[in-house]
Amino acid sequence: MEHPLQAWRDTLDELGVIGLVREQVQTADAVPSAPSQPNPAPSSAARSGVARPVPAPAAQPPKAYVPPSDAQGCPPVEVVAAAATLPELQAAIQGCLACPLGPGRLKFVFGEGNPRARLMFVGEGPGRDEDLQGRPFVGKAGELLDKMIGAIGLRREDVYIANVVKCRPPDNRTPAPEEARACLGYLRRQIELIGPSVIVTLGATPLRELVGISEGITRIRGQWKRVSAGGRDIPVMPTFHPAYVLRQYTQDVRRAVWEDLKAAKEWADKAGAPEA
50 MEHPLQAWRD TLDELGVIGL VREQVQTADA VPSAPSQPNP APSSAARSGV ARPVPAPAAQ
110 PPKAYVPPSD AQGCPPVEVV AAAATLPELQ AAIQGCLACP LGPGRLKFVF GEGNPRARLM
170 FVGEGPGRDE DLQGRPFVGK AGELLDKMIG AIGLRREDVY IANVVKCRPP DNRTPAPEEA
230 RACLGYLRRQ IELIGPSVIV TLGATPLREL VGISEGITRI RGQWKRVSAG GRDIPVMPTF
290 HPAYVLRQYT QDVRRAVWED LKAAKEWADK AGAPEA
């Protein structure tokens with residue numbers, strides 16, 4: 050009896066299909082049997098029944114962020130310095146992509162408040178709520194900040210509120226030093242245009258990046274510092290960030306913040322309105 054594979058080859062030849070089957074099909078009788086080999090001894094892994102672990106591929110280092118070179122994506126220093134008003138400054142920098150935070154933001158959080166405020170508050174960076182609304186301090190920490198401002202006899206619209214960075218860090222983490230420095234020129238220009246009598250820094254990040262002090266906020270809060278902006282020295286009062294106050298809502302922490310804000314308000318009242 051003809052082998053089925055040979056019959057299939059003959060059928061292809063009759064149909065004119067050439068080249069699909071090139072080798073002579075061997076019948077089972079013609080196929081030489083492989084020499085018998087002794088069964089190899091099972092490996093230790095096989096004997097134990099435990100599979101050998103497959104090594105994980107080596108992790109690739111993250112690619113370094115490369116900022117764009119255009120004036121909109123990375124505003125030049127001279128463009129920032131040329132902004133004569135807060136709206137001009139905002140228009141010049143709101144497309145900034147100078148650090149990795151820019152591409153991931155929903156909204157650029159410039160800052161808000163009285164453009165001639167005697168008292169200015171500087172936080173560290175936007176959170177989820179701020180990223181959604183494009184306004185600083187609008188979440189739970191913002192609600193507490195409003196109450197803190199009200200406790201010293203002022204309203205939110207009487208002061209100016211900004212952050213060191215204008216875009217939300219992922220997972221609301223603390224801004225990295227390189228992210229803060231990418232935004233620091235914008236904050237300094239804001240301070241120059243507003244001309245506040247006193248700045249209150251909220252938390253460790255603005256104290257470190259704006260004033261240049263890396264010591265813990267617990268040790269430094271309540272002690273007057275200074276920052277140079279617009280050709281003059283501005284008094285700075287470091288205090289706790291409202292988010293920290295929410296986490297450590299003790300009488301001692303609340304009293305400390307109250308004393309810090311009261312001192313800042315008294316200094317601002319004594320200094321009077323900024324020169325026009």
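Just so you know, the sequence shown maps onto residues 50 to 325 in this note's numbering. Glycine included, every Cβ here is placed at the ideal spot set by N, Cα and C.
Helix, strand or coil: which one does DSSP assign to residue i?
{"i": "E315", "result": "helix"}
{"i": "P255", "result": "helix"}
{"i": "P287", "result": "strand"}
{"i": "V248", "result": "Residue 248 is actually Ile in this sequence, not Val. Three-state DSSP puts I248 in a strand."}
{"i": "R222", "result": "coil"}
{"i": "D119", "result": "coil"}
{"i": "A211", "result": "strand"}
Just curious, the beta strand (DSSP E) that residue i is in, first and last residue?
{"i": "G172", "result": "L168 to G172"}
{"i": "V276", "result": "K274 to A278"}
{"i": "I198", "result": "That residue, I198, is in no beta strand (DSSP E); its alpha helix (DSSP H) goes K189 to A200."}
Less than 8 angstroms between the CB atoms is what I'm expecting for residue i and residue j, so what's the real figure, rounded?
{"i": "R238", "j": "A132", "result": "6 angstroms"}
{"i": "C216", "j": "G151", "result": "6 angstroms"}
{"i": "L251", "j": "T288", "result": "7 angstroms"}
{"i": "M169", "j": "I243", "result": "6 angstroms"}
{"i": "A200", "j": "E241", "result": "With a Cβ gap of about 29 angstroms, A200 and E241 do not count as contacting."}
{"i": "P185", "j": "G160", "result": "6 angstroms"}
{"i": "P116", "j": "L135", "result": "Incorrect: roughly 24 angstroms between the Cβ atoms, too far for contact."}
{"i": "W316", "j": "P284", "result": "6 angstroms"}
{"i": "I262", "j": "L256", "result": "5 angstroms"}
Looking at the unbroken alpha helix (DSSP H) that takes in residue i, where does it start and where does it end?
{"i": "L233", "result": "P226 to I243"}
{"i": "V294", "result": "P291 to R296"}
{"i": "I328", "result": "Shown here, the chain extends from 50 to 325; a query on residue 328 therefore has no answer."}
{"i": "P136", "result": "L135 to I142"}
Going by other Cβ atoms of all chains shown within 10 Å of its Cβ, with 16 needed for buried, is residue i buried or exposed?
{"i": "R270", "result": "buried"}
{"i": "Y209", "result": "buried"}
{"i": "S118", "result": "exposed"}
{"i": "Y235", "result": "buried"}
{"i": "E228", "result": "buried"}
{"i": "P175", "result": "buried"}
Sorry if obvious, but does the Cβ on residue i come closer than 7 angstroms to a heavy atom of the ligand PLP?
{"i": "D178", "result": "Within the structure as shown, the ligand PLP is missing, as the structure has no ligands at all."}
Contact between the stretch 140-159 and the stretch 189-196 is defined here as three or more beta-carbon pairs at a separation below 8 angstroms; is this criterion met?
no
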